[in-house]
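A short worksheet on the structure shown next.
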Amino acid sequence: MNERLPSNLAHVGAVSPPDPIDIALQRALTLPRVSFIVPTLNEAENLPWLLPRIPKWAHEIIVVDGRSTDDTVAVARRLRADVKVVMEPRLGKGAALQAGFRAATGDIIVMLDADGSMVPEQAIVFVSALMAGADLVKGSRFIQGAGTDDMSLFRMFGNRGLTLFVRLLYGGWFSDLCYGYIAFWTKHVGTLNCDCDGFEIETLINVRALKNHLNIVEVASFEAPRISGVSHLRAIPDGWRVLKTILRERVHQQHRRGATACGDGG
1 MNERLPSNLA HVGAVSPPDP IDIALQRALT LPRVSFIVPT LNEAENLPWL
51 LPRIPKWAHE IIVVDGRSTD DTVAVARRLR ADVKVVMEPR LGKGAALQAG
101 FRAATGDIIV MLDADGSMVP EQAIVFVSAL MAGADLVKGS RFIQGAGTDD
151 MSLFRMFGNR GLTLFVRLLY GGWFSDLCYG YIAFWTKHVG TLNCDCDGFE
201 IETLINVRAL KNHLNIVEVA SFEAPRISGV SHLRAIPDGW RVLKTILRER
251 VHQQHRRGAT ACGDGG
């Protein structure tokens, strides 16, 4: 039956469809240049798991070190000869990421934690979503196919409450607010305009992406436990900073709307 298909198509004047395998062979998909940014603070024991697994197609790997007292920097350079190390004198994950954003030369930025909780191979899913039209792609631990083995019940309830609060104030349908596996086009660095030094930078990025009407996509991600060392996250103090960030952005938004209305009214 299938063998007679070309002659039948020729008889009616149709053109045989191209072989999809030939198309795949003839067309090579060129990835944008992707900059991986990895903030570190005493992560020498975790980097051997992480850095070798960052995909070979990475344009650059930027390790931003915040005053490590172990041999984090030496280990990073030993594991990847192509690693770019940025020394950040200010403490905090937000300060490190800001330094990484400034140093990035790729078309896309991918944020990765250094503790081994994020799967670096999954970055291709984030990049694919960006290439399909998204402005920002964020990982979620609470949608189908996702999960976490590194979150206490207390933190889970806190994250859920903050996520619902952001949805109430800004709209959107986030399922996970405080998770740092995020990728976005480098051209949006100025739009996001990150200006905080702590863990609240993840929330700030998400909220400002909403406020600026960026096309945001969530993808399922699994969070594994930290491989070694102690987390620098403090649930109550950092949760309070996240809440203040959410409220501050709302107040600033209302002030801008008020100023615009006054300007329109003369």
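Per the UniProt record's numbering, residue 1 is the first one in the sequence shown, and the count goes up by one each step. Ideal placement from N, C-alpha and C gives every residue a C-beta, glycine not left out.
DSSP state of residue i, grouped into three classes?
i      : result
SER221 : coil
LEU210 : helix
TRP173 : coil
ILE246 : helix
Whole angstroms are fine: how far does the CA of residue j sit from the CA of residue i?
i      : j      : result
ASP70  : ASN193 : 31 Å
ALA104 : VAL86  : 11 Å
ARG102 : VAL110 : 13 Å
LYS244 : PRO89  : 25 Å
VAL219 : ARG53  : 20 Å
ASP176 : THR30  : 31 Å
ARG208 : PHE126 : 19 Å
VAL34  : TYR179 : 20 Å
LEU5   : LYS84  : Reliability of the predicted coordinates at LEU5 is poor, the pLDDT of 41 falling under 50, and the value obtained from them is presented with this limitation in mind. When rounded, the distance between both Cα atoms is 56 Å.
GLY66  : LEU97  : 10 Å
Assuming residue i contacts residue j under a Cβ cut-off of 8 Å, what Cβ separation, rounded to an integer in Å, is found between them?
i      : j      : result
ILE108 : THR191 : No, ILE108 and THR191 are not in contact; Cβ-Cβ is about 15 Å, not under 8 Å.
VAL217 : ALA76  : With 8 Å as the limit, VAL217 and ALA76 do not qualify as a contact, their Cβ atoms being about 30 Å apart.
LEU136 : HIS188 : 7 Å
ALA123 : PRO55  : 6 Å
ALA44  : ASP197 : No, ALA44 and ASP197 are not in contact; Cβ-Cβ is about 23 Å, not under 8 Å.
In the DSSP assignment, the beta strand (DSSP E) including residue i goes from what residue to what residue?
i      : result
MET156 : Premise fails: MET156 lies in the alpha helix (DSSP H), 153-170, not in any beta strand (DSSP E).
GLU60  : 60-65
SER140 : 136-140
Would you say the beta carbon of residue i comes nearer than 6 Å to a heavy atom of the ligand GDP?
i      : result
ARG102 : Looking at this structure, you won't find the ligand GDP or any other ligand, since it has none at all.
Excluding the 5 residues flanking residue i on each side, which residues of the same chain have their C-beta closer than 6 Å to its C-beta?
i      : result
VAL251 : none
GLY100 : ILE37, ILE62, VAL64
THR148 : ARG141, GLU223
GLU249 : VAL207
At the 7 Å Cβ level, is residue i part of the contact set with chain D, yes or no?
i      : result
GLU121 : Note that chain D does not occur in the displayed structure, where there is just one protein chain.
Which two residues bound the contiguous alpha helix (DSSP H) that contains residue i?
i      : result
PHE101 : 93-103
ALA76  : 72-79
Here's a check: name, in chain order, each residue in its chain whose Cβ is nearer than 8 Å to the Cβ of residue i, leaving out the five neighbours to either side.
i      : result
ILE246 : LEU162, PHE165, VAL166, LEU169, THR203, VAL207
PRO120 : PHE36, LEU50, ARG53, ILE54, PRO55, LEU112
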